[in-house]
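In this note's numbering, the protein residues as written are 362 to 593. Backbone N, C-alpha and C fix where the C-beta goes; we use that ideal spot for every residue, glycine too. It should be emphasised that the depicted structure is a prediction, and the values quoted were computed from it without experimental measurement. Shown next, in structure tokens, is the structure this report addresses.
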């Protein structure tokens with residue numbers, strides 16, 4: 362039995378630019394093993410975020426397959442995709458996107474409200490446990506304006522984890538942070554991958570962070586190419 366969690370097969374994606382279009386992905390393929398960590402690197406504009414958006418079902422490819430545990434996500438209807446996205450995938454972005462008028466705990470619990478008007482007690486317990494795990498137990502009632510940049514990003518990590526996803530997607534999660542905060546977030550992501558067996562795919566320009574992953578993949582001329590480990 363295969364331990365592959367995700368398979369991208371022959372993805373093509375183009376975006377219109379006036380009367381023409383620009384091809385971003387050209388027969389891109391990738392397989393992610395359950396519990397693995399992968400860094401996706403490459404120049405700005407090469408299509409790295411496009412890959413994350415397709416995997417995360419925020420966009421659809423022009424052609425090709427996205428298989429998650431054998432199910433082709435490109436064939437699901439919008440409602441099924443929304444449920445899948447909410448339950449199976451966690452997202453972390455370069456900017457934390459916390460709601461300024463909501464407390465830390467309220468921000469973390471927002472994904473639990475997607476298909477219900479109330480948060481299950483189990484989710485509240487889980488959120489508090491995760492906030493304690495990342496050192497924010499004393500900050501649960503605080504608004505984001507009272508947190509540092511690194512603390513806000515830790516809240517964003519917990520928000521991505523609150524529904525117990527199988528796959529965590531991170532798009533430049535350390536790009537807006539200073540060096541100490543970036544190192545802290547990088548270490549947290551590695552720990553989550555190893556302790557929780559959470560499959561991790563990180564887009565990053567940080568060679569240091571990329572080298573801490575099990576695998577490095579480069580976006581190259583519309584395709585995904587495995588690289589040897591970077592040297593420090």
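Own chain, CB closer than 6 angstroms to residue i, minus 5 neighbours either side, in chain order
| i | result |
| --- | --- |
| residue 465 | 500, 501, 503, 516 |
| residue 428 | 368 |
Beta-carbon proximity list for residue i, same chain, < 7 angstroms, skipping 5 on both sides
| i | result |
| --- | --- |
| residue 574 | 398, 399, 400, 563 |
| residue 375 | 382, 383, 384, 385, 423 |
| residue 521 | 451, 452, 453, 529 |
| residue 407 | 580 |
| residue 364 | 394, 395 |
Enclosing beta strand (DSSP E) for residue i [first to last residue]
| i | result |
| --- | --- |
| residue 370 | 365 to 378 |
| residue 587 | 584 to 588 |
| residue 383 | 381 to 394 |
Same chain only: Cβ atoms within 8 angstroms of residue i, ignoring 5 sequence neighbours per side
| i | result |
| --- | --- |
| residue 533 | 454, 455, 564, 565, 566 |
| residue 546 | 511, 514, 515, 518, 534, 535, 538 |
| residue 421 | 415, 435 |
Element boundaries [alpha helix (DSSP H), containing residue i]
| i | result |
| --- | --- |
| residue 409 | 409 to 416 |
| residue 518 | 510 to 522 |
Residue i, DSSP secondary structure in three states
| i | result |
| --- | --- |
| residue 533 | coil |
| residue 400 | strand |
| residue 425 | strand |
| residue 559 | coil |
| residue 573 | coil |
| residue 538 | coil |
| residue 528 | strand |
| residue 362 | Residue placement at residue 362 is poorly supported in this model, since its pLDDT is 40, which falls under 50; the coordinates still yield a value, given next. Note: residue 362 maps to coil in three-state DSSP. |
Residue i, buried or exposed, once every other Cβ within 10 Å from all chains shown has been counted against 16
| i | result |
| --- | --- |
| residue 457 | buried |
| residue 432 | exposed |
| residue 512 | buried |
| residue 531 | buried |
| residue 362 | With a pLDDT of 40 at residue 362, under the threshold of 50, the modelled position of this residue cannot be trusted, and the question is left open. |
| residue 526 | buried |
| residue 450 | buried |
| residue 410 | buried |
| residue 586 | exposed |
| residue 476 | exposed |
| residue 468 | buried |
| residue 473 | buried |
| residue 555 | exposed |
Beta carbon proximity, residue i to chain B, threshold 9 angstroms
| i | result |
| --- | --- |
| residue 404 | Going by chain labels, chain B is absent from the structure shown, which holds only one protein chain. |
*At 3 residues or longer, and completely inside the region 430 to 506: list those beta strand (DSSP E) runs for me, N to C.*
450 to 453
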